[in-house]
Structure formats: structure tokens, C-alpha cells
Amino acid sequence: MRTDRCGDLRADDVDRSVTLCGWVDRRREHGEHLAFIDLRDRSGVVQLVIDGAHDLRSEYVLQVTGNVRLRPNDTANQALPTGAIEIDVAEVTILSTSDPLPFPLDDRTEVDEVLRLRHRYLDLRRSRMQRNLEVRARVNSAVRTAMEEQGFIEVETPMLIASTPEGARDFVVPSRKEPGSFYALPQSPQLFKQLCMVGGIDRYYQIARCLRDEDLRADRQFEFMQLDAEASFVSQDDVLVFISHAVASAAEAITGERPGEIPRMSWLEAMERFGTDKPDIRFGMELVELTEVFAGTEFRAFQAPCVKGIRVPGGAETSRNRLDEITDQCRSWGAKGLVWMKVTEDGLNSPVAKFLTDDEQSALAAAMDAEVGDLILIVADERRAARHILGLLRIELGRPPVTEGGLHFLWVVDFPLFEGMDDAGNPIPAHHPFTMPHPDDMDALDRGDLLDVRSQAYDLVLNGWELGSGSVRIHQREVQEQVFGILGIGAEEAQSKFGFLLDAFRYGPPPHAGFAFGMDRLTAILAGEENIREVIAYPKTQSGADPLTGAPTAIDDRQLEELGLRVLPPASQA
RNA sequence: GGUCCUGUGGUGCAGUUUGGAGUGCACGCCGGCCUGUCAAGCCGGAGGUCGCGGGUUCAAAUCCCGUCAGGACCGCCA
54 MRTDRCGDLR
64 ADDVDRSVTL
74 CGWVDRRREH
84 GEHLAFIDLR
94 DRSGVVQLVI
104 DGAHDLRSEY
114 VLQVTGNVRL
124 RPNDTANQAL
134 PTGAIEIDVA
144 EVTILSTSDP
154 LPFPLDDRTE
164 VDEVLRLRHR
174 YLDLRRSRMQ
184 RNLEVRARVN
194 SAVRTAMEEQ
204 GFIEVETPML
214 IASTPEGARD
224 FVVPSRKEPG
234 SFYALPQSPQ
244 LFKQLCMVGG
254 IDRYYQIARC
264 LRDEDLRADR
274 QFEFMQLDAE
284 ASFVSQDDVL
294 VFISHAVASA
304 AEAITGERPG
314 EIPRMSWLEA
324 MERFGTDKPD
334 IRFGMELVEL
344 TEVFAGTEFR
354 AFQAPCVKGI
364 RVPGGAETSR
374 NRLDEITDQC
384 RSWGAKGLVW
394 MKVTEDGLNS
404 PVAKFLTDDE
414 QSALAAAMDA
424 EVGDLILIVA
434 DERRAARHIL
444 GLLRIELGRP
454 PVTEGGLHFL
464 WVVDFPLFEG
474 MDDAGNPIPA
484 HHPFTMPHPD
494 DMDALDRGDL
504 LDVRSQAYDL
514 VLNGWELGSG
524 SVRIHQREVQ
534 EQVFGILGIG
544 AEEAQSKFGF
554 LLDAFRYGPP
564 PHAGFAFGMD
574 RLTAILAGEE
584 NIREVIAYPK
594 TQSGADPLTG
604 APTAIDDRQL
614 EELGLRVLPP
624 ASQA
């Protein structure tokens with residue numbers, strides 16, 4: 054139907070007769086004898102010059118035939134790749150017509166997202182979505198190539214699997230052949246990829262669709278794509294190299310520049326310096342340890358296990374109203390309070406300054422590297438809480454937009470094996486129960502100093518987004534049984550939950566390790582988007598609805614009956 | 001489960017603080033004029049359940065309560 058794409062034509066094509074197909078992008082009509090039409094396809098736009106009356110409206114689909122010619126003197130458009138030429142149209146066929154659109158397709162208008170999603174097929178015509186989907190395709194391709202260069206082979210795993218009780222809430226699918234039984238949709242191919250290792254696959258990867266029924270966020274959808282990988286006979290370092298290669302290739306495919314070696318930071322350092330296990334290292338405002346400074350303080354609010362602060366450069370101008378807002382925000386995050394101090398030429402200006410000795414004030418200023426004009430924010434609490442709240446506050450006050458500051462990948466290593474104790478007194482695994490303890494901490498594990506035990510688990514962070522995580526897996530039965538025992542999972546329970554994996558591990562499981570990272574998140578950051586919905590063709594809203602198809606919908610009674618299901622009436626208030 | 005923000009012709013906004021006639025801006029749409037535009041220009045026109053419900057008031061887009069939808073975040077996401 055066409056000989057060329059609109060956006061490909063250049064001065065070299067002058068005097069060629071071409072046939073083009075595309076949408077009417079913009080019209081500039083000068084009466085019956087002259088009309089300029091920008092014709093658009095995925096490659097871009099080209100200017101048509103039409104003599105004679107045609108009723109060509111926005112978004113009509115045309116097939117045109119004409120000659121490529123240079124634009125007359127001084128009318129070339131430098132801003133357009135095809136701006137040197139135009140098409141002298143001899144023949145126009147209207148392939149289809151269009152009603153006026155519900156929203157403009159130009160780049161200047163920020164359209165309501167529900168409207169965009171309801172008419173996603175129109176939104177996809179916009180250059181933003183065209184660009185983002187192309188970035189996505191190139192990232193996918195670069196990651197596949199990078200994994201295959203390293204000897205990984207792609208293996209697909211099933212979507213209908215058995216529900217396992219750990220982790221996130223499952224999406225479930227009722228079984229017709231066995232009413233009352235359900236499949237689960239995979240939260241990740243975790244167990245299958247480990248079985249692949251037992252199966253001698255050696256180096257597995259997959260760009261896998263994963264599903265988790267948890268509340269949605271800017272960086273979370275019900276369904277998302279992961280680069281999922283697992284390898285046998287490898288160490289943690291080997292895995293970090295594999296994955297570093299994949300993300301560097303993806304970044305290079307988009308930016309043209311290959312990132313350098315990804316730095317590593319221990320989990321503990323990340324928590325102490327940034328208050329989070331996914332530090333955004335594009336900016337400073339690090340958490341400063343102040344516990345020692347106030348070790349002997351008379352000020353009751355600072356008589357806490359941990360005192361930490363952050364310094365907001367130039368923040369002394371912050372209004373009292375705003376400071377109250379920030380304080381309220383911290384309370385809503387669970388803080389007991391927030392102490393603020395403005396650094397002025399006359400010393401610290403703060404409601405609590407009078408409770409601090411001169412020595413404390415000067416020690417504080419020194420510890421914070423405070424300069425006149427700064428704002429200091431201090432939280433005193435349990436160590437976990439103080440870190441957490443200041444970490445959130447640091448992001449709230451200092452985080453640059455996604456497009457600023459470049460790409461800062463970071464490996465966070467040496468996670469603890471257990472993140473704490475649940476109400477029953479059982480430790481909570483920080484990663485998953487198949488994570489290998491750190492070889493240097495096996496003694497602590499044997500002693501029962503559980504919270505001191507590190508694991509061979511690691512996260513990849515990019516600009517403060519958790520891209521993904523992985524670990525060296527346990528492949529020895531004895532170690533696995535020990536960990537299950539510590540987790541309070543008895544032999545019987547372990548067999549019923551993970552029996553097929555444990556069975557497999559009786560038959561020569563190789564030592565193995567793996568990783569998975571979110572393709573949507575990586576793509577969003579590389580595309581300069583704050584929200585993964587912008588790099589997903591058909592995403593859901595925060596409430597999990599799809600404005601395009603209306604999903605989720607009720608199903609009819611016959612379908613329910615076939616599946617052996619009955620729907621409860623909506624829970625009513627007491 | 002919780003906190004905060006948003007909802008006004010087809011689209012994007014202003015108007016809400018301090019109640020007084022559906023008032024305004026830009027784009028789009030429809031019609032007319034126009035032979036070198038490129039966010040074309042000029043003239044004219046149509047288009048409104050101010051998300052929805054209730055309340056206060058002589059009077060509500062505006063104040064109050066509820067509700068729906070959307071968004072950001074906390075919890076949650078091994």
C-alpha cells in the first residue's frame with residue numbers, strides 16, 4: 054500500500070514518486086487551491102501540498118501518491134527531519150474517516166489519565182507513548198541479547214500454578230475440572246527456575262509476566278514483567294556480573310552510553326546513611342548519626358536509643374507553616390515528633406534550642422556540617438524508626454525528578470537473613486526461605502543470634518527505585534531444614550508447601566543463585582517517566598480497573614455454576 | 001485499612017480563600033474568507049447536571065456532611 058514511511062523522506066528522495074499512508078496530523082488550509090497537511094505514521098510526519106478541494110479532517114487515514122520535491126525558497130522547516138522536502142500530491146484516497154477526538158494528541162496538553170486509558174488506542178498515537186513503547190522494546194531486546202551473550206537460554210514457565218502461601222496475595226483461577234480447587238497465577242517463576250537448575254538447564258532466563266494482588270502504586274501494577282534469571286555453579290559475584298551486564302546493555306541501548314561498574318553498599322550502610330534499603334544516591338542530605346552527641350543530654354525528647362538528623366541546605370527560609378506540615382507528615386509516618394532547627398548567624402533558631410547546652414549545640418552543628426542558612430531536622434526514636442522516618446523525609450524534601458542526575462545504579466548486599474520477629478516469636482525471612490545464609494555468619498546461625506545473620510541476598514537499585522533482588526539459594530537439605538526449623542516451619546508443613554522442590558533437591562541439586570528485576574521500572578527510568586503506566590501499553594488504574602475494557606467485571610451465573618462458585622453478598626455494616 | 005490532593009462546555013485551565021446571574025482564557029469543533037503555511041491567520045457560531053446526593057442560606061461551582069472516580073503516599077508488596 055505504500056512505498057515509503059512518512060518520516061523517512063529526505064532531500065535525497067527529491068523527484069521520486071512515492072505512495073504514503075498515514076493519519077492527518079495537522080491541517081493548514083489556505084482556500085481551495087492550497088492546503089498543507091502533515092501526514093503522520095510511526096516514523097514521523099511529512100508535509101503534503103494539496104491543490105483542490107478535499108474534505109480532509111483530523112485523524113482521517115489517507116493513502117497519497119505524489120512527487121517528493123524540495124520546499125520553495127525559505128520555507129524549509131529546520132525543526133522537522135523531513136522539513137527540507139514536501140509531497141506534491143497527485144492522488145488522495147481516504148482510507149477511513151474519524152470522528153473528532155475526545156482529547157488532543159499533541160505533546161503540549163497533559164490529558165486526564167482515565168480519559169487516556171479509556172481511549173488508549175488514541176493515546177498510543179501520541180509521540181510520548183510511541184517513544185516509550187519503542188524504548189520498552191529496545192530494553193527488552195538489549196536484555197535478551199545480553200543474557201544470551203552470557204550463555205543463558207530462555208525457558209518459559211506456566212501461568213497456571215499451585216498457590217504457595219508465602220509472599221504476596223495470589224491471583225487465583227478457579228478450576229472447572231476440579232470445582233473448589235484453584236490455580237494461582239505466578240508471583241514470579243521462583244520455584245520453577247530453581248527446578249530448572251535441578252534439571253541441568255545451567256543458565257536460565259526469561260522475561261516473565263508476574264502477578265501480585267497487592268495495592269497499586271506509581272511503580273507497581275498487578276501484572277509486571279521481570280527479567281528472571283538463575284544459574285548453576287556460580288557465586289554471588291557471578292550473578293552481579295551477569296545482571297550488571299544486562300542492565301548496562303539496556304541503558305546503553307537507550308542513552309548510547311554504557312554505565313560504569315555498579316558500586317556496592319552493604320544493607321547496614323544503606324540503612325544508616327539513607328534510611329532505606331533502596332537509596333537514591335543522586336543527591337546528598339544523608340542521615341547523620343547524632344546519638345553520641347546527645348548521649349548525656351537533659352533534653353528528654355533526645356533521650357532515645359537513636360538520634361539522627363538530616364541537613365537541608367538553604368532550608369532555613371522554610372516557613373513555620375511548612376515546618377508544621379513536615380512535622381505532621383512525620384507523625385503520620387509513625388514519628389513521635391520532629392525537631393527542626395534553623396542555622397542562623399546567631400546560632401540555632403529552634404523551639405527546643407533552649408533545652409540544649411552550648412556544647413551540644415556546637416557539637417550538633419559540627420556533626421551536621423551545618424552552615425548558616427541550613428535547616429536541620431532531627432528524629433529521636435528506636436533505631437529502626439528513626440532511620441525509616443528520616444529516610445522518607447530525605448526523599449520527600451530532596452529527591453530530584455526522574456530525568457535529573459543521570460543513572461545511579463547501586464548493588465545493596467549483605468541483607469540480613471531475617472528482618473525481625475513476628476508476633477509468635479518466629480523470625481521473618483527478609484528475602485525468601487530458600488536464601489543461603491552468609492558463609493561468615495553460620496556460627497551465629499548455629500548459636501541462634503538470628504538477627505545478626507546476614508544472607509547472600511542482594512538488591513539492585515536505580516535512582517532510588519528497587520529494580521530487583523536475588524540470592525544464592527540453599528541447595529543442601531540440612532541447611533534448608535535448619536532454616537525451616539528456625540522459621541517455625543515443621544517438616545510436614547514444609548513438605549505440603551514446597552514438597553515438590555524439596556523432593557527435587559533429593560536428586561543432586563547443583564549450587565545455584567539467581568536474580569530478577571522489574572523491566573517496567575527499568576524502562577520507565579530509561580524513558581524518563583515517573584510512572585510505569587507510561588511504559589505499559591494497557592495498564593490499570595490505582596484501584597485495579599481497566600477503563601478501556603471495564604475489567605474487572607461480573608460473570609454470569611452459568612459460568613459461576615460451572616466453576617462451582619457462589620458469590621457472597623457485599624459485606625454490610627454491622 | 002489510613003493520610004493528602006484533584007473533579008468547572010470536547011480538551012487544558014482560571015474562578016472556590018471572602019457565597020451574589022454559568023463569568024473568563026487558550027485549544028478543539030461547525031460555518032465563512034484566505035495560493036506558502038508549519039501550534040497558519042482573520043470573521044462568525046454552537047457547545048455546561050460546575051462528578052453525584054444531602055444540608056446550611058434569601059442565594060452555593062464557592063461553606064458543611066456523605067458518596068463516587070482519579071492520583072500521590074503510609075501500611076501492604078517473602
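So the first sequence is numbered by our numbering: it starts at 54 and just counts up by one.
C-beta atoms are modelled at their ideal positions from N, C-alpha and C, and glycine is treated no differently.
Which of the three DSSP states, helix, strand or coil, is assigned to residue i?
i: A627; result: With a pLDDT of 34 at A627, under the threshold of 50, the modelled position of that residue is not reliable, and no figure is offered here.
i: G451; result: helix
i: V536; result: helix
i: S149; result: strand
i: R311; result: coil
i: S194; result: helix
i: S596; result: coil
i: G571; result: strand
i: T56; result: coil
i: L579; result: helix
i: D160; result: coil
i: D61; result: helix
i: L430; result: strand
i: F327; result: helix
i: R611; result: helix
i: N584; result: coil
i: H441; result: helix
i: D333; result: coil
i: E166; result: helix
i: E305; result: helix
i: Y174; result: helix
i: L186; result: helix
i: L618; result: coil
i: L154; result: coil
Identify the residues that DSSP records as bridge partners of residue i: which are they?
i: H565; result: S285
i: V300; result: BP columns for V300 are empty, so no partner.
i: E342; result: K361
i: W320; result: Per DSSP, none; premise fails for W320.
i: G473; result: I481
i: D66; result: DSSP output for D66 lists no bridge partner at all.
i: I140; result: L101 and V121
i: F462; result: L515
Quick test of your reading: residue i and residue j, contact by CB under 8 Å. State the CB separation rounded to the nearest angstrom.
i: V196; j: I140; result: That belief does not hold up - the Cβ atoms of V196 and I140 are roughly 39 Å apart, past 8 Å.
i: P153; j: H172; result: Actually they do not touch by this definition, with Cβ atoms about 12 Å apart.
i: I394; j: I429; result: This sequence places Met at residue 394; Ile is not what is there. Going by Cβ atoms, the distance from M394 to I429 rounds to 4 Å, so yes, they are a contact pair.
i: C383; j: I442; result: 6 Å
i: I138; j: L73; result: Contact doesn't hold; Cβ gap of about 12 Å is too wide.
i: G136; j: S96; result: About 14 Å; that fails the 8 Å criterion.
i: V114; j: W76; result: 6 Å
i: K361; j: E345; result: Contact flag wrong, Cβ pair sits at about 11 Å.
i: G521; j: F551; result: Not confirmed; about 22 Å, so no contact.
Within 8 Å: the Cβ of residue i and any heavy atom of the ligand NAD?
i: V98; result: In the structure shown, the ligand NAD is absent, as is every other ligand, since no ligand is present at all.
Problem set entry | 3 or more residues per run - each beta strand (DSSP E) lying fully within the region 199-282 | Runs of the beta strand (DSSP E) inside the region 199-282: 225-227, 235-237 and 256-264.
For this session: Scan the region 70-138 and note each continuous beta strand (DSSP E) run of 3 residues or more that stays entirely inside, going in chain order.
Result: 70-82, 88-94, 97-103 and 114-123
For this session: Starting from the N-terminal side, write out each stretch of the beta strand (DSSP E) that is 3 residues or longer and does not extend beyond the region 480-562.
Result: 480-482, 510-515 and 518-525
For this session: Scan the region 344-424 and note each continuous alpha helix (DSSP H) run of 4 residues or more that stays entirely inside, going in chain order.
Result: DSSP runs (the alpha helix (DSSP H)) wholly in the region 344-424: 373-385 and 411-421.
For this session: Inspect the CB distances between the region 264-272 and the region 426-443 and report whether three or more fall short of 8 Å.
Result: no
Problem set entry | Validate contact between the region 439-453 and the region 485-501 using beta carbons, cut 8 Å, 3 pairs | no
Exercise. Can we say the region 366-378 touches the region 479-492, given the rule of at least three CB pairs closer than 8 Å?
Worked result: no
For this session: Assess, as a yes-or-no matter, whether the region 393-411 is touched by the region 316-336 under the definition of 3 or more beta carbon pairs within less than 8 Å.
Result: The region 316-336 and the region 393-411 do not touch, with fewer than 3 CB-CB distances between them shorter than 8 Å.
Problem set entry | Cβ contact check for the region 555-567 and the region 273-292: 3 or more pairs under 8 Å | yes
Exercise. How do the region 350-359 and the region 449-458 stand: do at least 3 beta-carbon pairs fall below 8 Å, yes or no?
Worked result: Result no; under three Cβ-Cβ pairs closer than 8 Å.
Problem set entry | Cβ pair count under 8 Å reaching 3, the region 292-310 against the region 184-203 | yes
For this session: Answer yes if the region 295-302 comes into contact with the region 408-424, meaning at least three C-beta pairs across the two stretches below 8 Å, and no otherwise.
Result: Touching, no, given that fewer than three Cβ pairs across the two stretches are closer than 8 Å.
For this session: Could you tell me whether the region 241-254 touches the region 174-194, where touching means 3 or more Cβ pairs closer than 8 Å?
Result: no
Exercise. Does the count of Cβ pairs from the region 504-520 and the region 330-340 closer than 8 Å reach three?
Worked result: yes
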